[in-house]
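What follows is a single structure, written as structure tokens, with notes after it.
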Ligand SMILES: [Zn+2]
């Protein structure tokens with residue numbers, strides 16, 4: 017657990033990550049515990065789209081890439097990642113729930129509600145129990161240039177987490193070392209696929225930081241918009257420290273049933289923000305009381321200087337046993353804005369007010385930028 021804001025990763029940690037990943041067994045048995053929250057991968061085929069010959073290979077490539085990206089990201093920020101995140105079968109392939117839609121490809125275009133049909137059919141066909149999983153739905157509209165245009169992810173009270181994105185069948189092989197937003201990974205929109213899955217896990221949009229030489233963030237802008245601000249040659253993206261802190265508590269990463277409801281009560285007793293002229297950083301301190309255990313305080317900096325919502329920088333700090341926390345905002349932008357405060361709880365719940373998920377409804381603090389300094393309101 018980190019105390020302050022994002023920081024570079026020590027080389028020794030990177031080496032350790034590499035060793036850890038190469039040591040993983042190729043195959044591990046899928047869990048039989050159906051109540052456990054798990055990521056379920058669905059290949060959704062409209063009625064007029066035959067099963068692509070490359071389906072199995074492509075699904076394995078995408079899922080393996082995503083798994084490495086996410087678990088390495090957790091490790092990078094000091095969290096102990098699970099051995100596997102997805103359901104790998106004895107034969108070495110990822111479990112792929114193939115579902116045939118009632119309607120044609122044309123009829124599903126622009127209709128992200130297809131997720132309901134996809135999940136209901138997958139549950140029925142594959143006898144999946146457990147009320148909440150994370151459903152990663154690959155929609156195949158046929159060979160390119162046909163593609164599904166909705167890239168979306170979110171949380172549904174009954175269904176659990178969900179994410180939708182296009183399944184690209186173009187020939188080729190995804191190199192696991194390919195940058196997530198470069199080369200063949202970019203052609204397959206891997207960053208988009210994993211970004212939406214991130215929403216399925218409850219991640220908000222989180223922008224990149226200058227101090228991290230890592231390119232874009234997974235939960236940052238799409239590659240096209242990123243390149244309006246950053247050099248076109250930058251094809252990397254990383255899992256931010258905040259995203260890692262949220263994922264590390266998610267039921268699917270901990271291999272437990274989703275028990276995040278009802279949300280814990282949240283009483284923010286103290287919430288202070290002070291600008292430190294000397295360090296050029298804003299220090300947020302406070303104290304929180306709750307019916308559950310908050311583990312991480314997150315401050316979301318909604319600066320007016322952001323090129324867009326996707327660029328919102330987040331900062332975290334550990335919540336101590338007495339409920340106190342300290343978060344350092346060391347990359348403020350010279351403009352006014354609003355800070356929002358919310359928390360990651362031990363059971364994976366994410367809330368700032370105990371009523372809404374994520375930063376919605378969270379306690380906030382407006383600020384102005386005056387003559388080179390930040391001035392905070394009430
Ligand atoms: Zn998004």
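Numbering (this note's numbering), first residue to last: 17 to 394. Virtual Cβ for every residue (Gly too), placed ideally from N, Cα, C.
Counting along the chain, residue 91 sits inside the alpha helix (DSSP H) bounded by residues 71 to 92.
For residue 289, the enclosing beta strand (DSSP E) has its first and last residue at 282 to 292. Rounded to the nearest whole angstrom, the C-alpha separation of residue 346 and residue 211 is 25 Å. With contacts defined as CB atoms closer than 8 Å, residue 204 and residue 191 fail to qualify as a contacting pair.
Not one heavy atom of ligand 1 falls within 7 Å of the beta-carbon of residue 330. Across the set 258, 134, 66, the C-alpha of 258 shows the shortest separation from the C-alpha of residue 359. Taking C-beta separations shorter than 7 Å and ignoring five residues to either side along the sequence, the partners of residue 353 in its chain run 317, 318, 319, 320, 383, following chain order. Collapsing the DSSP output to three states places residue 136 in a helix.
Taken from the Cβ of residue 215, at least one heavy atom of ligand 1 lies inside 7 Å.
Residue 122 carries a helical assignment under DSSP once its states are collapsed to helix, strand and coil. Under the 10 Å beta carbon count, residue 274 is surrounded by 16 or more other beta carbons and is classified as buried. Taken atom to atom, the span from the alpha-carbon of residue 365 to that of residue 124 is near 33 Å.
Short of 6 Å from the beta carbon of residue 224, and not among the five residues preceding or following it, lie these beta carbons of its own chain, in chain order: 232, 233, 236.
Within the chosen limit of 7 Å, ligand 1 does not reach the beta carbon of residue 243 with any heavy atom. Between the segment 367 to 386 and the segment 277 to 287, the count of Cβ pairs shorter than 8 Å is three or higher; the stretches touch.
Taking non-hydrogen atoms of ligand 1 into account, the C-beta of residue 221 is found less than 7 Å away from one of them.
For residue 109, the shortest C-beta to heavy atom distance toward ligand 1 is 7 Å or greater.
Put simply, the segment 97 to 115 touches the segment 69 to 89. At least three CB pairs are less than 8 Å apart. Taking all protein chains shown into account, residue 83 has 16 or more neighbouring C-beta atoms within 10 Å of its C-beta and is therefore buried. Looking at the DSSP output, residue 232 sits in a beta bridge with 253. Secondary structure at residue 344: strand, using DSSP grouped into helix, strand and coil. DSSP, read as helix, strand or coil, puts residue 215 in helix.
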